[in-house]
Each structure stands twice: as C-alpha cells, then as structure tokens.
Amino acid sequence: MGPARLIDGKAFSASVVERVGVAAANLRASRDVTPGLAVVIVGEDPASRLYVRNKGLRAQEAGFASFIHALPAETDQATLDALIQSLNADPAVHGILVQLPLPAHLNTMAVLAAINPDKDVDGFHIVNAGRLAVGLPGLVPCTPLGCLMLLKAELGSLSGAEAVIVGRSNIVGKPMAQLLLGADCTVTVAHSRTRDLPEVCRRADILVAAVGRPEMIRGAWIRPGATVIDVGINRVPHPDPALAAEGKTRVVGDVAFDEAVQVAGAITPVPGGVGPMTIACLLANTYTAACRQSGIQPEVI
Ligand code: NDP
C-alpha cells in the first residue's frame, strides 16, 4: 500500500470560512443581521492573547462584528460574571467565547455555566453537551465538529464504520464520540485505563487521536487503509540536537506520522490538519447562533 492521502485541513478550513462569509452576507442582506462574536480573555498570557487576536481577525474577515474584552489577570469573579451577563443581554452579540484557561482564582465551570447556551459558540455549556447527547440542535464544540467535517468530506457516508477515539475529554473525545454515533458509526472510546490500546486501535476504520502525548500512536496500531484524524498539538524539542540546545521546538501530533502515513488510507498532518478547522467551526457556530437568535433557519455550511 502506498503512502496515505493527506487530508488538507488548511485548504478545507479556508473553504468553510468562505462559505460562512457568503452565508453571513446573505443574512445581512435579507435580515439586516450581522453575526457578532465576543471573545473574553483574562490575563496577559502571550499565547492566549495571540489566539484571541486571531479569532477576532478571522471573524472580521468573514464580515462579522468582533468584540474583544481583554481583562487584567486580577479580575474578580463578580466582574467577569457581570460582563457575561451584559454580553448575554446584548442583541449585537450572538456568540460568546471565554478563552481558557482562566487564572486559578476564577471558577471556570461557573463562568461557562453563566453563558446563555444559545450564545455558547464553544459548545462547552452542559445544556449543549446534553443537546448533543440526545440529538437536539445545539452548538457543538469546534474541534470535534471540524474533525467530523473532514471525515465526511473524505469518506462521504460514515454509516457502519468502526470508529475508535483515543481520549475522553469533555472538549474533544466525548463530543467526538457523540458526533460519530450520530453519523451511525460503531464507536469505541479509549482512554488511559484501556487494556491493549494497540489492539483496540487496530479495529478502527476511523481512528481519532486526542490524547496530548507526542507520537504515541504507532504505525503498527493502524489498520491498513484506515482514516486517521490527529487532534494532538504537542510541542517537543527540535530533532536536531544543536537546534534543541538553542531551545528550538517543533509541533507534532499524537500519531507517529512518518509510520502512520505508510499504513493509513488517509491522514491529517500536524500542523495543517485539524488545527485550522477549529477556528473555521467557531465562525460557523457564530453564524448558526446568529440565525437561530433571529428566528431563521441557517444555511448548511
Ligand atoms: P485532555 O488532557 O483533556 O485529555 C486527554 C485524554 O487522553 C484523556 O481522556 C486521557 O485519559 C487520555 N490519555 C492520556 N494518556 C493516555 C494513554 N497513555 N493512553 C490512552 N489514553 C490516554 O486533552 P484534550 O482532549 O483537551 O486534548 C487532546 C489533544 O488535542 C492535546 O494534544 C491538545 O493540545 C489537542 N487539542 C487540539 C485542538 C485543536 O486542534 N484546535 C483543540 C483541543 C485540543 P483519561 O481520561 O483516562 O485520563
């Protein structure tokens, strides 16, 4: 078997952003509604600030209104709660995202619970987790939604496929399992206590790795021809010892790509696979939220 097809998440995410932009322009023309995304960040962490800036820029590129609320690290719970309440009440804001992690003195669960579920474009509110579990329309976490889009674009129907997800976090593994179940896969969720993980992975027609351990999933764990979605983003020392000594790093996934690409049928690279889909799905969710809050059926993205 030759090398796997590369699933180009960068190109696919650009097409999603373009479709969202067109749909948002239609919404503005027909109903005079401009989707609005509010992003809240607490503290000065440079990586988080950069993510927030990028989210704001991409929202503007799609023709959305972007509202960034950058609060100092010492912000107290009451101030943050008051901001969330004002965003919940603001008709120009259709989506609210609180950049995580929050500083340790703040109660993350309480902040997420305070967001109006219909504006919860990250899909982390328990009401949205519940809607996903019972198959009601809601807002779905962006990273697993992006994975599902890539899988459908690659495979068409997923019906009857054996899907194995490694990882059971609330933001990736569990919602991924619900989405694949909804797409009629037979779903196995593996985790740190799973017995004989390589054997479980070898069952998979669709293997989703969301572990957070660099290159843990080896080529020999993959069924020949399987479709592999690598969610992992792990920063490791540069392979060149001289560059590593200078502190240089590179980003790798949870899958040993060089091995897996020889066995799989199709695979997402890291970077350039799942990563770019997350922000595209954030925009798609904000558009969907704006339509629903305006009593309109959203266009299919
Ligand atoms: P978490 O740390 O919340 O969850 C990791 C999961 O992997 C847990 O369920 C854990 O099991 C499981 N796990 C850990 N070690 C093993 C092991 N040795 N064998 C089997 N399972 C194991 O991570 P996230 O879900 O938040 O993120 C996963 C990865 O995806 C990370 O690399 C992260 O950076 C990346 N990510 C990328 C995003 C993007 O592309 N935009 C967005 C979000 C995450 P247990 O529950 O038993 O502890």
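Read in my numbering, the sequence shown has 1095 at position 180, and its numbers run on one by one without any break.
Here a beta-carbon is modelled for each residue, glycine too, at the ideal position from N, C-alpha and C.
Asked                                                                                                                                                                                        : Found
Count the other C-beta atoms from every protein chain shown that fall within 10 angstroms of the C-beta of Thr1058, then say buried if there are 16 or more, exposed otherwise.              : buried
With distance defined between alpha-carbon atoms, name the residue in Val955, Leu995 and Gly1045 nearest to Leu1021.                                                                         : Leu995
Could you tell me which of Gly1210, Phe927 and Ser1107 sits nearest to Asp947, measuring between CA atoms?                                                                                   : Gly1210
Kindly identify the DSSP beta-bridge partner or partners of Val1042.                                                                                                                         : Val1042 is not bridged to any residue.
Using the C-alpha atoms, what's the distance from Ala1195 back to Pro1213?                                                                                                                   : 16 Å
Report yes or no: is there a C-beta of chain E within less than 9 Å of the C-beta of Cys1062?                                                                                                : In the displayed structure, chain E is absent; only one protein chain is listed.
Per DSSP, Phe982 forms a beta bridge with which residues?                                                                                                                                    : Ala953
How many Å lie between Ala1004 and Ile1011 at the Cα?                                                                                                                                        : 11 Å
For the alpha helix (DSSP H) that Glu1069 lies in, which residues bound it at each end?                                                                                                      : Cys1057 to Leu1070
Ala1175: which of Pro1152, Ala1160 and Arg1138 sits nearest, CA to CA?                                                                                                                       : Arg1138
Since Val935 contacts Ala997 with CB under 8 Å, what's their CB separation in whole angstroms?                                                                                               : Actually they do not touch by this definition, with Cβ atoms about 31 Å apart.
Keeping to the same chain, check which residues put their C-beta closer than 6 Å to that of Ser928; ignore five residues upstream and five downstream.                                       : Pro1191, Met1192 and Ala1195
Any chance the CB of His1009 is under 8 Å from a heavy atom of the ligand NDP?                                                                                                               : no
Return yes when the C-beta of Ser1072 is under 8 Å from any heavy atom of the ligand NDP, and no when it is not.                                                                             : no
Using the C-alpha atoms, what's the distance from Arg1083 back to Ala1204?                                                                                                                   : 26 Å
Going by DSSP, name the residue or residues bridged to Arg1207.                                                                                                                              : In DSSP, Arg1207 forms no bridge with anything.
Identify, in the order they occur along the chain, each residue of the same chain with its Cβ nearer than 8 Å to the Cβ of Val1087, setting aside the five sequence neighbours on each side. : Pro1056, Thr1058, Pro1059, Ala1125 and Val1146
Inspect the beta-carbon positions of His984 and Ile1030 and report whether they are closer than 9 Å.                                                                                         : no
Compute every distance between the C-beta of Gly1038 and the non-hydrogen atoms of the ligand NDP, then say whether any falls below 8 Å.                                                     : no
Less than 9 Å between the C-beta atoms of Ser954 and Phe979, yes or no?                                                                                                                      : The residue asked about is misnamed: residue 954 is Val in this sequence, not Ser. Result no, Cβ atoms of Val954 and Phe979 do not sit closer than 9 Å.
Using only the heavy atoms of the ligand NDP, determine whether one of them is closer than 8 Å to the beta carbon of Arg1108.                                                                : yes
Is the beta carbon of Asn1200 less than 9 Å from the beta carbon of Asp1099?                                                                                                                 : no
Rank Ser1074, Ala1025 and Gly951 by C-alpha distance to the C-alpha of Lys1034 and give the top, closest one.                                                                                : Gly951
With a threshold of 8 Å, are at least 3 pairs of Cβ atoms found where one atom belongs to the stretch 1090-1106 and the other to the stretch 1148-1167?                                      : no
Determine the burial state of Asp1155: buried for a count of at least 16 other Cβ atoms within 10 Å of its Cβ, exposed for fewer.                                                            : exposed
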